[in-house]
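K.L.:
This is the structure I have questions about; it appears just below.
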Amino acid sequence: MKQMIIATKNQGKAKEFKDFLAPFDIKAVSLLELPNTIDDIEETGTTFEQNAALKAETIADITGGPVLADDSGLVIDALDGKPGIFSARYAGESKDDNANIEKVLSELENISLEKRTARFVCVLAMAKPNEVTRFYKGTCDGHIANYPKGEYGFGYDPIFVPNGYSETMAELLPNEKNSISHRKNAFIQLEAWLKGIR
Numbered sequence: 002m003k004q005m006i007i008a009t010k011n012q013g014k015a016k017e018f019k020d021f022l023a024p025f026d027i028k029a030v031s032l033l034e035l036p037n038t039i040d041d042i043e044e045t046g047t048t049f050e051q052n053a054a055l056k057a058e059t060i061a062d063i064t065g066g067p068v069l070a071d072d073s074g075l076v077i078d079a080l081d082g083k084p085g086i087f088s089a090r091y092a093g094e095s096k097d098d099n100a101n102i103e104k105v106l107s108e109l110e111n112i113s114l115e116k117r118t119a120r121f122v123c124v125l126a127m128a129k130p131n132e133v134t135r136f137y138k139g140t141c142d143g144h145i146a147n148y149p150k151g152e153y154g155f156g157y158d159p160i161f162v163p164n165g166y167s168e169t170m171a172e173l174l175p176n177e178k179n180s181i182s183h184r185k186n187a188f189i190q191l192e193a194w195l196k197g198i199r
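So for the sequence shown, the numbering used here puts the first residue at 2; every next one is plus one.
If you want it as structure tokens, here you go:
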């Protein structure tokens, strides 16, 4: 079984990647599972692509193997694209999901539901030493609910209602969420490459 490092310390995100990669006989290893601790990579880019590449390329150089990194976030039209690349730290450096949700809801307090259109964006960067980094982008469109609902998922899932659904992402069972998520849509584009390395 081939091994691929997933450039994340987020356990929820790591599990999604493990589930996606399992059918390709690829063992996904998160940064939390490596024998040596890797410090957080400073995300100094101004786009999802730049930040994903920074993480993937830096860790590939450290480990010498293939690394899959993502930069993802929530883009809200009524907030001029915020929180965007700052999604994880929108309410501060502590990366507190509940605080981030509260900040978004307070900023949308006087915005009607039909104007609360939003999308999750995921950019995957696949890096290997001495090779050109590949990018794969996926989105999931929907709108922001008035209040959080649901026990599943992580991040902004409790306030994001995908198009075609009346439930938030956090109310969907994990396999249903994974079938429509921005990460899944980015991952679909990666499948041809993955099939080629089996």
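Note that beta-carbon positions come from the ideal geometry of N, C-alpha and C, so glycine has one too.
Would you mind working out which of THR47, GLU43, ASP41 and ALA15 sits nearest GLU34, comparing C-alpha positions?
P.N.:
That would be ALA15, whose Cα lies nearest to the Cα of GLU34.
K.L.:
Specify the secondary structure class of PHE18 as computed by DSSP and reduced to three states.
P.N.:
Residue state, collapsed to three classes: helix.
K.L.:
Is ILE189 buried or exposed, if buried means 16 or more other CB atoms sit within 10 Å of its CB?
P.N.:
Label assigned to ILE189: exposed.
K.L.:
Can you name the start and end residues of the beta strand (DSSP E) that LYS28 belongs to?
P.N.:
Per DSSP, LYS28 belongs to the beta strand (DSSP E) from 27–31.
K.L.:
Identify whether PHE155 lies in helix, strand or coil by the three-state DSSP scheme.
P.N.:
Note: PHE155 maps to coil in three-state DSSP.
K.L.:
Evaluate THR169 with the Cβ neighbour count: other Cβ atoms within 10 Å of its Cβ, from every protein chain shown; 16 or more gives buried, anything less gives exposed.
P.N.:
THR169 is buried by the Cβ-count criterion.
K.L.:
Which residues mark the beginning and the end of the alpha helix (DSSP H) in which ALA54 is found?
P.N.:
Start and end: 49–64.
K.L.:
Should SER73 be labelled buried (16 or more other beta-carbon atoms within 10 Å of its own) or exposed?
P.N.:
Result: buried.
K.L.:
Closest to TYR148 by C-alpha separation, out of ASN176, ASN52 and ASN101, would be which residue?
P.N.:
Answer by Cα proximity: ASN101.
K.L.:
What are the uninterrupted segments assigned as beta strand (DSSP E) that are 3 or more residues long and contained completely in the stretch 109–138, given in chain order?
P.N.:
Listed in chain order, the complete beta strand (DSSP E) runs (minimum 3 residues) inside the stretch 109–138 are 118–128.
K.L.:
If you count every other CB in all the chains shown that lies within 10 Å of the CB of SER212, and 16 or more means buried, which is it?
P.N.:
The structure shown does not extend to residue 212, since the chain is modelled only from 2 through 199, so no value can be given for it.
K.L.:
What's the C-alpha gap between ARG135 and ASP20?
P.N.:
Whole-angstrom Cα-Cα distance: 21 angstroms.
K.L.:
May I ask you to report which of helix, strand or coil DSSP gives LEU191?
P.N.:
Three-state result, LEU191: helix.
K.L.:
Which residue's Cα is closest to the Cα of ASN179: LEU195, PHE155, TRP194 and SER167?
P.N.:
Nearest of LEU195, PHE155, TRP194 and SER167 to ASN179, Cα basis: PHE155.
K.L.:
If you count every other CB in all the chains shown that lies within 10 Å of the CB of THR201, and 16 or more means buried, which is it?
P.N.:
As shown, the chain starts at 2 and ends at 199. That puts residue 201 outside it, with no answer to give.
K.L.:
Taking the alpha helix (DSSP H) that ILE6 belongs to, which residues open and close that run?
P.N.:
Where ILE6 is concerned, there is no enclosing alpha helix (DSSP H), although the beta strand (DSSP E) it sits in stretches over 3–7.
K.L.:
Does DSSP put ILE145 in a helix, in a strand, or in coil?
P.N.:
Note: ILE145 maps to strand in three-state DSSP.
K.L.:
Is it buried or exposed, LEU174, if we count other Cβ atoms within 10 angstroms and call 16 or more buried?
P.N.:
When all chains shown are included, LEU174 counts as exposed.
K.L.:
For LEU114, tell me which candidate among ASP78, TRP194 and PRO130 has the shortest Cα-Cα distance.
P.N.:
Ranking ASP78, TRP194 and PRO130 by Cα distance to LEU114 puts ASP78 first.
K.L.:
With PRO175 as the anchor, note down where its alpha helix (DSSP H) starts and where it stops.
P.N.:
Looking at the DSSP string, the run of the alpha helix (DSSP H) that includes PRO175 is 175–181.
K.L.:
Would you kindly work out how many angstroms separate the C-alpha atoms of ARG90 and ASP97, rounded to a whole number?
P.N.:
About 7 angstroms.
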